[in-house]
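**Q**
Written out as structure tokens, the structure reads:
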């Protein structure tokens, strides 16, 4: 091989290595973003669960007696596999929290309108 051939090979190798390093750097950044997004999702959903708990205080006892078993059933029948970290599980949790929030706020609103 000539000296020119070696230089060209070295340039390609360097260019490939640079591309590989750029790709690795971006993948590591993506990993950080996955963690940040996941943490924010967790914090937001935990806050929403706490909000549901605080809204329960405003639900009249009769409505609570009538509805609590249905609400509990929704929670207990949620099929999750936390160890797998599935998007399907996150969507199920998200939908459940949204549904419970709507139902409990409606239960409060119904009491406020009738008690008005």
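In our numbering, the protein residues as written are -13 to 102.
Positions of the beta carbon are idealized from the N, C-alpha and C atoms, including for glycine.
Keep in mind it's a predicted model, so treat the numbers as computed, not measured.
1. Step through the CB atoms of chain C and report whether any lies within less than 8 Å of the CB of residue 54.
2. My assumption, with CB atoms under 8 Å, is that residue 82 sits in contact with residue 58. Please give the rounded CB distance.
3. Terminal residues of the continuous alpha helix (DSSP H) containing residue 54?
4. Does the region 67 to 77 come close enough to the region 37 to 45 to have 3 or more Cβ pairs within less than 8 Å?
5. Buried or exposed for residue 54, going by 16 or more other Cβ atoms inside 10 Å?
6. On the premise that residue 76 lies in contact with residue 60, defined as a C-beta separation below 8 Å, what is that separation, rounded to the nearest angstrom?
7. Just to confirm, is the Cβ distance from residue 23 to residue 90 under 8 Å?
**A** The relevant details are as follows:
1. The structure shown contains no chain C, having only a single protein chain.
2. At roughly 12 Å, the Cβ-Cβ gap does not stay under 8 Å, so residue 82 and residue 58 are not in contact.
3. Residues 47 to 62.
4. Not touching, per the Cβ criterion.
5. Label assigned to residue 54: exposed.
6. With 8 Å as the limit, residue 60 and residue 76 do not qualify as a contact, their Cβ atoms being about 17 Å apart.
7. Result no, Cβ atoms of residue 23 and residue 90 do not sit closer than 8 Å.
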